[in-house]
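Beneath this line is the structure, given in structure tokens, with notes to follow.
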Amino acid sequence: MPTPVPTPPTALPDVEVAAGTAGGVPVAVLTRTADGPALIGPGGDELTPEWAEAVGLTGKAGEVHRAPLAATARWSVGIGTGAAKHWRTAGAALARAVNALLENQPDSGQSLQVVLPDDTDAEQAGWFATGLRLGGYRFRVTGDTPAPRLRSIRLVVSERDRRDRIAAEVKRTGVLSWATALTRDLANAPSDVKDPAWLAKTAARVVGKPKGLTAQVRDEKWLAEHGFGGLLAVGGGSSRPPRLVHLTWAPPGAAGPHIALVGKGITFDTGGVSIKPNEGMHLMRTDMAGGAAVIAAVAAIAKLGLPIRVSGLVPCAENHLSGSSYRPGDVVRHYGGKTTEITNTDAEGRVVLADALTYAHQDLDADLLVDVATLTGAMKVSLGTRIGGLFTNDDALAARITAASETAGEALWRMPLLDHLAAEVPSHIADVRQCPPGPGAITAALFLREFTGGLPWAHLDIAGPARADRSYDDVVPGATGFAARTLVEFVAAYAS
Ligand code: BES
Ligand code: ZN
Ligand code: MN
92 MPTPVPTPPT ALPDVEVAAG TAGGVPVAVL TRTADGPALI GPGGDELTPE WAEAVGLTGK
152 AGEVHRAPLA ATARWSVGIG TGAAKHWRTA GAALARAVNA LLENQPDSGQ SLQVVLPDDT
212 DAEQAGWFAT GLRLGGYRFR VTGDTPAPRL RSIRLVVSER DRRDRIAAEV KRTGVLSWAT
272 ALTRDLANAP SDVKDPAWLA KTAARVVGKP KGLTAQVRDE KWLAEHGFGG LLAVGGGSSR
332 PPRLVHLTWA PPGAAGPHIA LVGKGITFDT GGVSIKPNEG MHLMRTDMAG GAAVIAAVAA
392 IAKLGLPIRV SGLVPCAENH LSGSSYRPGD VVRHYGGKTT EITNTDAEGR VVLADALTYA
452 HQDLDADLLV DVATLTGAMK VSLGTRIGGL FTNDDALAAR ITAASETAGE ALWRMPLLDH
512 LAAEVPSHIA DVRQCPPGPG AITAALFLRE FTGGLPWAHL DIAGPARADR SYDDVVPGAT
572 GFAARTLVEF VAAYAS
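Per my numbering, the sequence shown runs over residues 92 to 587.
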């Protein structure tokens with residue numbers, strides 16, 4: 092039996108917005124950079140210039156200090172210049188500091204309160220809450236009793252109208268953080284537990300049954316009857332058969348386009364017959380991070396009640412090695428009939444996405460397609476680990492995705508779909524070649540484009556930012572949850 096993993100979604104700290112401070116709850120004081128000495132925010136009367144000098148206070152974003160021992164104020168946290176991203180950094184650093192103290196001093200308090208300065212707007216407060224909720228995220232499979240963690244934060248805003256605006260945004264960002272944490276949970280789950288059936292079943296459970304949302308899980312029998320040859324080929328080498336997760340959000344009175352979100356759901360990627368080197372292979376348990384982002388985004392869209400029709404498709408398979416694996420040289424027949432000449436079984440993501448993209452435009456009648464995938468190592472080489480690649484055949488869609496990614500605080504960089512490389516996609520023995528020669532992230536995108544039916548389409552290659560090996564912003568090492576918030580903000584923008 093594999094060790095049971097924590098049941099997703101991980102509970103995040105509760106952030107409430109209140110009119111006044113509560114007695115006996117530790118206070119964190121905000122500090123800010125300035126031309127001269129750092130500025131000390133409300134509640135910071137005990138933080139004297141001598142103390143500031145002794146700790147080297149600068150107010151820069153994410154700088155956390157313990158306040159003097161006898162003071163009511165317990166912490167100081169820098170918000171830099173007060174830019175939105177600085178607030179996120181501040182919240183995350185504070186959450187990490189509180190958790191680190193709780194590891195050593197379990198009685199040091201799991202609640203906090205912060206008086207927000209009078210000029211704090213809803214966007215800044217929303218980002219602060221996001222940092223507080225996600226910065227202390229941790230995924231561990233352990234037999235020990237875990238140490239206590241930061242549990243609740245009260246943001247104090249005395250003025251009523253501002254408080255209402257801030258409370259609404261803090262509540263909305265709570266749904267976004269929930270989606271990020273769920274994406275992380277699913278991607279972090281080890282692959283001894285996480286097979287395609289587990290991923291599909293867990294997806295169906297966590298999205299729940301809000302009115303207007305349905306979750307269907309298709310098994311290998313259904314996939315065979317319906318001709319999902321790409322997904323069956325990739326999943327064929329594993330003793331744990333593939334699944335297709337199909338989420339439908341169809342709220343009454345939906346307007347605007349029907350958006351299909353498609354996510355790569357490879358629950359583990361050995362490379363198959365074209366096996367990967369051992370070094371780094373363990374990281375391939377997060378190769379379904381794009382699928383997890385789609386699952387979490389659709390669930391969040393339903394929680395927010397956004398009046399837009401959305402379909403979520405996640406082809407789930409384990410790319411494994413056995414006597415029943417697919418081979419280089421095989422010709423795979425995808426859903427819809429198009430054929431692919433396989434040359435490298437490690438380029439499995441595009442093979443399963445091809446089936447799902449075709450299903451979305453042929454059978455679901457989608458108006459536009461967005462896919463998200465940890466698709467290529469080449470993308471990670473191009474942009475590193477903090478930015479995702481955006482490919483699209485539609486400039487208006489590019490503008491919308493870019494705007495959503497900025498609102499979500501998840502950076503994307505647009506990549507070109509080059510014509511002279513598209514000429515390399517046709518195959519002599521099949522309709523298309525799985526791995527046309529040339530720059531790997533671009534040729535993978537050009538392959539996918541063959542399965543989009545000419546619809547407006549965007550492809551997010553998140554091989555880099557889906558994982559982190561250090562903490563930054565709201566991110567901690569492991570799966571980052573990248574793209575879940577971007578997808579939600581992208582859909583939300585059609586509703587406003
Ligand atoms: N899942 C990998 C891509 C990947 C690599 C994600 C590193 C995250 C970190 C994908 O299935 C893969 O193996 N792609 C191959 C494609 C190649 C064989 C054409 C690659 O990028 O090497
Ligand atoms: Zn892969
Ligand atoms: Mn692969």
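Ideal placement from N, C-alpha and C gives every residue a C-beta, glycine not left out. The structure presented is a predicted model; accordingly, all values stated were derived computationally and were not measured.
Report task. Express the C-alpha separation of A499 and T339 in angstroms, rounding to a whole number. Result -> Spanning the two alpha carbons is a distance of roughly 23 Å.
Report task. Note the first and the last residue of the continuous beta strand (DSSP E) segment covering N410. Result -> Boundaries of the beta strand (DSSP E) harbouring N410: 401 to 410, taken from the DSSP string.
Report task. Flag this pair as yes or no: are the beta carbons of A391 and W269 separated by less than 8 Å? Result -> yes
Query raised in the report: Looking at C-alpha atoms only, which residue of R505, E501, G479 is the closest neighbour of A487?
Result: R505
Query raised in the report: Less than 7 Å between the CB of I492 and some heavy atom of ligand 2, yes or no?
Result: no
Requested in this report: Mind the definition here: the stretch 478 to 492 touches the stretch 359 to 369 only if three or more C-beta pairs lie below 8 Å; say whether that holds.
Outcome: They do not touch, by the three-pair rule.
Query raised in the report: What are the partner residues of Y563, as DSSP defines its beta bridges?
Result: V566
Report task. Return yes when the Cβ of L448 is within less than 8 Å of the Cβ of V353, no when it is not. Result -> In contact: V353 and L448 (Cβ atoms closer than 8 Å).
Report task. Return yes when the C-beta of C526 is under 7 Å from any heavy atom of ligand 1, and no when it is not. Result -> C526: yes, Cβ under 7 Å from ligand 1.
Query - Nearest-angstrom Cβ-Cβ length linking T180 and D564, presumed shorter than 8 Å - result: 6 Å
Query raised in the report: Thinking C-beta only, is A278 closer than 8 Å to M379?
Result: yes
Report task. Please say whether W178 and P159 have beta carbons closer to each other than 8 Å? Result -> No, the Cβ-Cβ distance between P159 and W178 is not below 8 Å.
Query - For V155, the residue or residues it bridges with in DSSP - result: V168
Requested in this report: State buried or exposed for W313, treating a residue as buried only when at least 16 other CB atoms are found within 10 Å of its CB.
Outcome: Taking all protein chains shown into account, W313 has fewer than 16 neighbouring C-beta atoms within 10 Å of its C-beta and is therefore exposed.
Report task. Could you tell me the boundaries of the alpha helix (DSSP H) in which D446 lies? Result -> DSSP places D446 in the uninterrupted alpha helix (DSSP H) bounded by 439 to 453.
Query raised in the report: CA-CA distance, V155 and L130?
Result: 14 Å
Requested in this report: Have a look at S413 and P333 and give me their C-alpha separation to the nearest angstrom.
Outcome: 15 Å
Query - Within 5 Å of ligand 1: residues by beta-carbon to any heavy atom - result: D360, D378, N435, D437, A438, G440, T465, T467, G468, C526, A554
Report task. Flag this pair as yes or no: are the beta carbons of G222 and L241 separated by less than 8 Å? Result -> no
Query raised in the report: Got a sec? Which residues, its chain only, sit under 7 Å from I520 by beta carbon, not counting five neighbours each side?
Result: V422, E432
Query raised in the report: If you measure from the CB of G321, is any heavy atom of ligand 3 nearer than 7 Å?
Result: no
**Report entry** Beta-carbon proximity list for P528, same chain, < 8 Å, skipping 5 on both sides
**Finding:** E515, T534
Report task. Measure the CB-CB distance between T571 and R558 and report whether it falls below 8 Å. Result -> yes
Report task. On the DSSP bridge assignment, give the partners of E432 in chain order. Result -> V422, R524
Query raised in the report: P478 lies in the beta strand (DSSP E); which residues open and close that run?
Result: The residue you asked about is not Pro; residue 478 is Ile in the sequence shown. Per DSSP, I478 belongs to no beta strand (DSSP E) and is neither H nor E.
Query raised in the report: P507: which of E501, P517, D552 sits nearest, CA to CA?
Result: D552
Query - Buried or exposed (CB count within 10 angstroms, at least 16 for buried), V232 - result: exposed
Query - Assigned secondary structure, T233 (DSSP; H/G/I helix, E/B strand, else coil) - result: coil
Query raised in the report: Taking the alpha-carbon positions, what's the V364 to V442 distance?
Result: When rounded, the distance between both Cα atoms is 15 Å.
Query raised in the report: Is T264 buried or exposed, if buried means 16 or more other CB atoms sit within 10 Å of its CB?
Result: buried
**Report entry** Any non-hydrogen atom of ligand 3 closer than 7 Å to G362 Cβ
**Finding:** yes
Query - Cα-Cα separation between L466 and D255, rounded to whole angstroms - result: If I take the Cα positions, the gap works out to 42 Å.
Requested in this report: Mind reading off the beta-carbon distance from A220 to P100? Whole number of angstroms is fine, and I expect it under 8 Å.
Outcome: Going by Cβ atoms, the distance from A220 to P100 rounds to 17 Å, so no, they are not a contact pair.
Query - Q215, enclosing alpha helix (DSSP H) - first and last residue - result: 213 to 225
Requested in this report: Using the Cα positions of R524 and H452, report the straight-line distance between them to the nearest angstrom.
Outcome: 21 Å
Report task. Please state if the CB of A164 and the CB of V120 are separated by a distance shorter than 8 Å. Result -> Yes. Within cutoff.
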